[in-house]
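All letters in the sequence shown, in the order written, are residues 1242 to 1518 by our numbering.
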Amino acid sequence: MKGGSMAAMDDRPALIELVREPPLAWIVLNHPEKLNAWSWESARQITAHAERLRFDDEIRSVIVRAEGRAFCAGVDLGMPEDRITGRTPAEKTRNYFERFRWVHERFALLADLPQPVVMAIHGYCLGAGLEVAMMGDIRIAADDARFALPEPKVGVSIDAGGDLRLISEIGAGATRLLAFTGRRIDAETALRLGIVQEVVPRDVLREHVRALGLEIAANAPLAVQAIKRTINYRAQQGLAEALRFEAASAAPLFTSDDMALGYKAMAAKQTPEFEGK
């Protein structure tokens, strides 16, 4: 495979692009007009690119970055409730469960790439955006980055496994604090907690992660990949079982009255009054 840019592999809109600059590859979130809002199609495209890189011997480091004002501001509000259907609430819940499992499988293709994956984060990194960021091996934040898991503010649970990966990075207590409150934190707080490994000025983020990627790529690739596998084996102990439990726990909430109320309130920029049903 030679250099160049690759977007979506069919006539669907190119939300995410792949740019090869051996020994680096850049996966670029490129839907800036919607702050790179996440969708099922985003998950399909990012992992299609990951599959292209899996056996690419010219690529030794992968960097995920974003165009526009945000890394990813969360889920695309145009897709949540109406994209999954069912003839009954039970069938709809089952369909959500299967879709969440599908997302887990897609994200694993990115997280388990043999090459190290560096996340370059700027602006908003919220909800689904933070879950995507947690698929990286190393996270570098610009000083304008803002992080949150706001799902409980709209009546749903975290469903893509980002919270479970956070536990292995920052511990259960700090994960609970972020996930229960939906609190938004800045880059320095994320650094102190261990969500990110470095914070740099916004205007040097791209060159900083490029230099980091090249530093990694200069090492023996088989050794680096073996180290990644070993660290991930330890960090991901019990993850597969926990992901299945998360999908089962989250799915019923997507047919709840609270979810409908939460998304309606968010669209209207109002504060919802949840009833727990």
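Note that beta-carbon positions come from the ideal geometry of N, C-alpha and C, so glycine has one too. Keep in mind it's a predicted model, so treat the numbers as computed, not measured.
Starting from the C-beta of R1295, find all residues in its chain whose C-beta is less than 8 Å away, skip the five residues before and the five after it, and write them out in chain order. To locate residue 1295, count along the sequence shown from 1; it is residue 54. Hits under 8 Å: L1350, L1354, P1355.
How many angstroms separate the CA atom of A1452 from the CA atom of R1433?
Here residue 1452 refers to the residue found at position 211 when the sequence shown is read from its first residue. Here residue 1433 refers to the residue found at position 192 when the sequence shown is read from its first residue. A1452 and R1433: Cα-Cα distance of roughly 23 Å.
_Nearest-angstrom Cβ-Cβ length linking L1318 and M1500, presumed shorter than 8 Å_ = Taking the first residue of the sequence shown as position 1, residue 1318 is located at position 77. Taking the first residue of the sequence shown as position 1, residue 1500 is located at position 259. Actually they are not in contact, since the Cβ atoms of L1318 and M1500 sit about 12 Å apart, beyond 8 Å.
* Determine the DSSP secondary structure at D1524, reduced to helix, strand or coil. => Outside the shown range of the chain, which is 1242 to 1518, sits residue 1524, and nothing can be said about it.
message = Using only CA atoms, which one of D1404, A1352, A1382 lies nearest to E1448?
response = Stepping through the sequence shown from its first residue, residue 1448 is reached at position 207. If we check each option's Cα against that of E1448, A1382 comes out closest.
Point to revise | Secondary structure of D1385, DSSP reduced to three states | key: Here the question's residue 1385 lines up with position 144 in the sequence shown. Three-state DSSP puts D1385 in coil, outside helix and strand.
**Message:** Determine whether the beta carbon atoms of R1425 and A1389 lie at a separation below 8 Å.
**Reply:** Stepping through the sequence shown from its first residue, residue 1425 is reached at position 184. Stepping through the sequence shown from its first residue, residue 1389 is reached at position 148. Yes.
| query | So what does I1379 bridge to, in DSSP terms? | reply | If you number the sequence shown from 1, residue 1379 lands on position 138. Per DSSP, V1359.
Next on the checklist: So the candidates are R1342, K1505, G1377; which of them puts its Cα closest to the Cα of V1359?
Outcome noted: The residue you call residue 1359 lines up with position 118 of the sequence shown. Out of R1342, K1505, G1377, G1377 has the C-alpha closest to the C-alpha of V1359.
Short Cβ contact (8 Å threshold) for P1263 with I1300: By one-based count along the sequence shown, residue 1263 stands at place 22. By one-based count along the sequence shown, residue 1300 stands at place 59. The answer is yes: Cβ separation under 8 Å.
Point to revise | Collapsed DSSP secondary structure at E1516 in the structure displayed | key: Locating residue 1516 in the sequence shown gives position 275, counting from the first residue. Here E1516 sits in coil by DSSP.
| Mind checking R1306: buried by the 16 CB within 10 Å criterion, or exposed? | Here residue 1306 refers to the residue found at position 65 of the sequence shown. Around the beta carbon of R1306, 16 or more other beta carbons sit within 10 angstroms, so the residue counts as buried.
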